[in-house]
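Asks: Take this structure, written in structure tokens, and hold onto it; I'll ask about it next.
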Amino acid sequence: MEALETSFGKNQYVDKVLERLLKSNRKWGARDRAFIAETTYEMVRWWRYLWELYGKEPTLKR
Numbered sequence: 000m001e002a003l004e005t006s007f008g009k010n011q012y013v014d015k016v017l018e019r020l021l022k023s024n025r026k027w028g029a030r031d032r033a034f035i036a037e038t039t040y041e042m043v044r045w046w047r048y049l050w051e052l053y054g055k056e057p058t059l060k061r
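Just so you know, we're using the working numbering here: the sequence shown kicks off at 0 and counts up by one.
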């Protein structure tokens, strides 16, 4: 959730956010890292896809 919040809330590229997150949590194993990266990328893809269907620019404002 931290990666998504930083990426969406602060308009930072998700790959850079994930890079910092994974570097700061070296105790995570390879499977954990893969799961976190894959899940985060999928959520970003769906977020963008849903906003494209909605026809507006993505925003966190209600």
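For glycine and all other residues, C-beta sits at the position ideal for the given N, C-alpha and C.
1) What's the gap between the Cα of A29 and the Cα of L52?
2) With a floor of 4 residues, list each alpha helix (DSSP H) that falls wholly inside the region 6–36, ordered by position along the chain.
3) Got a sec? Which residues, its chain only, sit under 7 Å from R47 by beta carbon, not counting five neighbours each side?
4) Can you tell me whether L20 sits near the ligand NAD, meaning its C-beta is under 7 Å from at least one heavy atom of the ligand?
5) Could you give the DSSP three-state label for M0: helix, strand or coil?
Replies: According to the structure data:
1) Cα to Cα, the separation comes out at about 35 Å.
2) Within the region 6–36, the complete alpha helix (DSSP H) runs of at least 4 residues fall at 13–23.
3) For R47, where only same-chain residues beyond five positions count, the Cβ hits under 7 Å are P57.
4) With respect to the ligand NAD, the structure offers nothing, as it holds no ligand at all.
5) Three-state result, M0: coil.
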